[in-house]
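S.K.: Quick one: this structure, given as structure tokens, is what I'll be asking you about.
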Amino acid sequence: MEFVMYTTPWCGYCKRLKAQLIEMSISFQEVNIEVTPGAAQIVERANGGNQTVPTLIFFDGSVMTNPSARQVQQKLANLYRSAQFGQNGTQD
């Protein structure tokens, strides 16, 4: 799992992004903020008090709100590149 996507069942943006990510074979964990205890509060903290979905939280703690599938793909590529190569630019 590379990230958690916080959603609601009625969110059209969530449905579209989920379908695009599945088509791109990008794995994620989906959390419905309407039924998962504490999930709405996580989304609010990530979005300045707003329950904006989809909100994605990545393994490094970074957040994207309502991104495109392409933006998610690029974010993951950057995270993996950073994990593969240390801060000094050498491979770990």
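Its first residue numbered 240, the sequence shown is counted upward by one per residue in this note's numbering.
For glycine and all other residues, C-beta sits at the position ideal for the given N, C-alpha and C.
Because the structure is a prediction, the values reported are computed rather than measured.
Residues in its own chain within less than 8 angstroms of residue 213 by CB, not counting five upstream and five downstream?
M.R.: Beyond the ends of the chain as shown, which are 240 and 331, falls residue 213; an answer cannot be given.
S.K.: For residue 290, report the span of its beta strand (DSSP E) as first-last.
M.R.: By one-based count along the sequence shown, residue 290 stands at place 51. Where residue 290 is concerned, there is no enclosing beta strand (DSSP E), given that its DSSP letter is neither H nor E.
S.K.: Cutting at 7 angstroms between CB atoms, please list the residues of its own chain near residue 260, excluding the five before and the five after it.
M.R.: Sequence index remark: in the sequence shown, residue 260 carries index 21 (1-based). Once the five neighbours on either side are set aside, the close Cβ partners of residue 260 are 267, 308 and 311.
S.K.: Please report the residue range of the beta strand (DSSP E) in which residue 317 lies.
M.R.: To locate residue 317, count along the sequence shown from 1; it is residue 78. No beta strand (DSSP E) contains residue 317, which is instead part of the alpha helix (DSSP H) from 308 to 323.
S.K.: Could you give the uninterrupted runs of the alpha helix (DSSP H) lying entirely in the segment 255 to 304, keeping only those of 4 residues or more?
M.R.: You should have 278 to 285.
S.K.: I'd like to confirm the pairing. Which residues does DSSP put opposite residue 245 in its beta bridges?
M.R.: Position 6 of the sequence shown, counted from the start, is the residue given in the question as residue 245. Per DSSP, 270 and 294.
S.K.: Just checking my contact of residue 285 with residue 296 at CB under 8 angstroms: how many whole Å lie between their CB atoms?
M.R.: Against the sequence shown, residue 285 aligns to sequence position 46. Against the sequence shown, residue 296 aligns to sequence position 57. Indeed they touch by this definition, with Cβ atoms about 6 angstroms apart.
S.K.: Determine the burial state of residue 319: buried for a count of at least 16 other Cβ atoms within 10 Å of its Cβ, exposed for fewer.
M.R.: Here residue 319 refers to the residue found at position 80 of the sequence shown. The residue in question, residue 319, is exposed, as its Cβ has fewer than 16 Cβ neighbours within 10 Å.
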